[in-house]
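What follows is a short report on a single structure.
2 protein chains.
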Amino acid sequence: MTPEDLHPVSPSCADCPIRHRAVCARCDERELGVLESIKYYRSFEAGQMVIWSGDKMDFVASVVSGIATLTQTLEDGRTQMVGLLLPSDFVGRPGREFAPYNISATTDLMMCCFRKKPFEDLMFRTPHIAQRLLEMTLDELDSAREWMLLLGRKTAREKLASLLAIVARRDASVKLCATRGRMIFDLPLTREAMADYLGLTLETVSRQISALKREGIIELEGKRHITVPDFDRLLNEAGDDSDGGMLS
Amino acid sequence: MTPEDLHPVSPSCADCPIRHRAVCARCDERELGVLESIKYYRSFEAGQMVIWSGDKMDFVASVVSGIATLTQTLEDGRTQMVGLLLPSDFVGRPGREFAPYNISATTDLMMCCFRKKPFEDLMFRTPHIAQRLLEMTLDELDSAREWMLLLGRKTAREKLASLLAIVARRDASVKLCATRGRMIFDLPLTREAMADYLGLTLETVSRQISALKREGIIELEGKRHITVPDFDRLLNEAGDDSDGGMLS
DNA sequence: GGCACTCTTTGATTTGGGTCAAGGTTTTGC
DNA sequence: GCAAAACCTTGACCCAAATCAAAGAGTGCC
Chain A
1 MTPEDLHPVS PSCADCPIRH RAVCARCDER ELGVLESIKY YRSFEAGQMV IWSGDKMDFV
61 ASVVSGIATL TQTLEDGRTQ MVGLLLPSDF VGRPGREFAP YNISATTDLM MCCFRKKPFE
121 DLMFRTPHIA QRLLEMTLDE LDSAREWMLL LGRKTAREKL ASLLAIVARR DASVKLCATR
181 GRMIFDLPLT REAMADYLGL TLETVSRQIS ALKREGIIEL EGKRHITVPD FDRLLNEAGD
241 DSDGGMLS
Chain B
249 MTPEDLHPVS PSCADCPIRH RAVCARCDER ELGVLESIKY YRSFEAGQMV IWSGDKMDFV
309 ASVVSGIATL TQTLEDGRTQ MVGLLLPSDF VGRPGREFAP YNISATTDLM MCCFRKKPFE
369 DLMFRTPHIA QRLLEMTLDE LDSAREWMLL LGRKTAREKL ASLLAIVARR DASVKLCATR
429 GRMIFDLPLT REAMADYLGL TLETVSRQIS ALKREGIIEL EGKRHITVPD FDRLLNEAGD
489 DSDGGMLS
């Protein structure tokens, strides 16, 4: 498969990401006008909290640039990442008043937000917006369930290979690489964040990355810059049947 | 909390479960008429497959009675349950042609099905149906993410306690028990099914159940009939912050 | 009643990944 | 340019849960 195959939807959007991810294709001028009037941008620095679990969340948003994570924690501090938000991903729940998990910026982050109440009003008046959101939510649910398989049944090595495959697939910069099967990208996560996503410890993540490097499945320059010489070989380590869904 | 608190929505529905779970409150006569005309019932025996992952799925459905499970498997046979369907739960995805996982009956099962195409048509014409489905899907997503925390970060004992707490909460028969905090119910799953749900082996499940019994946190009569003398004590073993969401 | 089957329990042993500890490397801030 | 902090790697050791093995319990069928 070529890198182009991996990006059926352009990740760039001149105006606002929600246009193509959630609504644009079927929106008329009036609806776009409403969206314009209720939107605002917020930026966050790497490490900053966007919202705490349980806090009031009076907006929905999509990621313009940068990476955000959704995490849940037990009282004793064990934490599990339950979602990774890359540019163009949507977050927020019409009909929910409080955030169900922590959202934090792992890199510098720009979000395009819409005030929740008027967004909900628009959604109730505009069936195709609710339908598009339903589709997106079903996709997220599929991803979450794919992730349950990973957390419950994959080995540490398979977990790492799966994560690298997902990031490679979604990272826009892989497009720059022309050689068939070869992919180059930067890991957007620290070892600790990867561990939280994969249900491992950071030491195990580090060891598995070293092992994949030692065996030539990945090449590593610095701590974050990764080259995958043969994407199919990486997928093979991930333990999935063929390439699978693994959207976000 | 009293057993009644656990069942804010009546699990019984004279006509069809989807009425109260998905649409009924806001449906008019004409919409209910359409639903009537496209619905049919299917029953399955314990152990029977409802649908295989990847097969064409031309219906959506809700569970009338019995238990069904959603599972995903790796080629080498490792399997992970990704959802448990109890009476009144909905399954199926408008806009998706193929089933993304195996659905199977773990007990005798009755489902109320709606042919997909006309259901989708109705949904497109009827905004509140799409909106209700969106709400339900968001709830499912929250449950899936709660489960990710369990799979990634909880110990075997905490996993078992969490599962027992969920089943106790959802099982209708707990209503029959009056004593505050005391709950009696039947496990609807084999040890192996529990293991697949929890990302454990069946031996570990068995050992943990024995341990909980030995310590008086549960009482066990036969293999399936469980008494929880003190529900709060069970929750305490589950490791959650207070009682949490843990819907299904 | 007894055989066959499925489900469950329990024990012995192994092992993958966690924990603890030390040191290396990169980034940030002054 | 140096110190501190953050992040990462590697090693030694340990333990929770997996694996392997055997036997008990319940159920249905002839």
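Keeping their order, the protein sequence lines are chains A and B.
1 is the number of the first residue of the first sequence in this note's numbering; add one for each residue after it.
249 is the number of the first residue of the second sequence in this note's numbering; add one for each residue after it.
Here a beta-carbon is modelled for each residue, glycine too, at the ideal position from N, C-alpha and C.
Under the three-state DSSP convention, the category residue i falls into
| i | result |
| --- | --- |
| A:ASP171 | coil |
| A:LEU189 | coil |
| A:LEU70 | strand |
| A:ILE38 | helix |
| B:GLY400 | helix |
| A:LYS213 | helix |
| A:PRO220 | It should be pointed out that residue 220 of chain A corresponds to Leu in this sequence rather than to Pro. A:LEU220: strand per DSSP, three-state reduction. |
| B:GLY487 | coil |
| A:ALA144 | helix |
| A:LEU84 | strand |
| B:SER245 | The requested residue 245 of chain B is not part of the displayed model; chain B covers only 249 to 496. |
| A:ARG206 | The question names Arg, but residue 206 of chain A is Ser in the sequence shown. Three-state DSSP puts A:SER206 in a helix. |
| A:ALA99 | coil |
| A:THR137 | helix |
| A:LEU6 | For A:LEU6, the pLDDT reaches just 32, beneath the cut-off of 50, and the residue's location in the model is therefore unreliable, although a value from the coordinates is still provided. Helix, per DSSP. |
Length of the line joining the Cα atoms of residue i and residue j
| i | j | result |
| --- | --- | --- |
| A:ARG182 | A:VAL228 | 6 Å |
| B:THR449 | B:GLU440 | 7 Å |
| A:VAL50 | A:PRO100 | 13 Å |
| A:HIS128 | B:PHE372 | 8 Å |
| A:GLY54 | A:PHE231 | 40 Å |
| B:ARG290 | B:GLU368 | 20 Å |
| A:ALA46 | A:ASP108 | 4 Å |
| A:ASP171 | A:PHE185 | 7 Å |
| B:GLU467 | B:SER458 | 10 Å |
| B:THR498 | B:ASP306 | Because chain B spans 249 through 496 in this model, residue 498 of chain B falls outside it and cannot be assessed. |
| B:MET358 | B:VAL312 | 5 Å |
| A:PHE44 | A:ALA105 | 7 Å |
| B:ALA270 | B:VAL415 | For B:ALA270, the predicted model reports a pLDDT of 46, less than 50, meaning its position is unreliable and no value from the coordinates is stated. |
| B:GLU406 | A:LEU189 | 29 Å |
| B:PHE346 | A:THR126 | 27 Å |
| B:LYS364 | A:LEU234 | 38 Å |
| A:GLU75 | A:TRP52 | 14 Å |
| B:ASN350 | B:SER336 | 19 Å |
| B:GLU469 | B:LYS461 | 10 Å |
| A:ARG169 | A:ALA61 | 23 Å |
| B:ASP488 | A:THR71 | 15 Å |
| B:THR250 | B:LEU334 | With a pLDDT of only 34 at B:THR250, under 50, the local geometry of the prediction cannot be trusted, and no value is derived from it. |
| B:GLY314 | B:GLY340 | 17 Å |
| A:GLN208 | A:MET194 | 12 Å |
| B:ASP387 | B:GLU277 | 27 Å |
| A:ALA226 | A:CYS112 | Position check: residue 226 of chain A holds Ile in this sequence, whereas Ala was assumed. When rounded, the distance between both Cα atoms is 29 Å. |
Buried versus exposed, by CB contacts within 10 Å (16 or more), residue i
| i | result |
| --- | --- |
| B:TRP395 | buried |
| B:GLY325 | exposed |
| B:GLU485 | buried |
| A:GLY216 | exposed |
| B:ARG380 | buried |
Cβ-Cβ distance between residue i and residue j below 8 Å
| i | j | result |
| --- | --- | --- |
| B:PRO342 | B:VAL282 | no |
| A:LEU163 | A:ARG224 | no |
| A:THR137 | B:LEU389 | yes |
| A:GLY83 | B:LEU399 | no |
| B:GLN296 | B:ASP444 | no |
| A:LYS39 | A:PHE114 | yes |
| A:THR204 | A:ALA156 | yes |
| B:LEU382 | A:LEU160 | no |
| B:ARG401 | A:ALA144 | no |
| A:LEU122 | A:GLU36 | no |
Bridge partners - residue i, DSSP secondary structure assignment
| i | result |
| --- | --- |
| B:ALA309 | B:VAL339 and B:CYS361 |
| A:SER43 | A:MET110 |
| B:VAL476 | B:MET431 |
| A:MET49 | A:SER104 |
| A:THR126 | For A:THR126, which the question treats as bridged, DSSP gives no partner whatsoever. |
| A:THR79 | A:THR73 |
Residue i: CB within 7 Å of a non-hydrogen atom of the ligand COA
| i | result |
| --- | --- |
| B:ASP434 | By its list of ligands, the structure shown contains no ligand whatsoever, and the ligand COA lies outside what it can speak to. |
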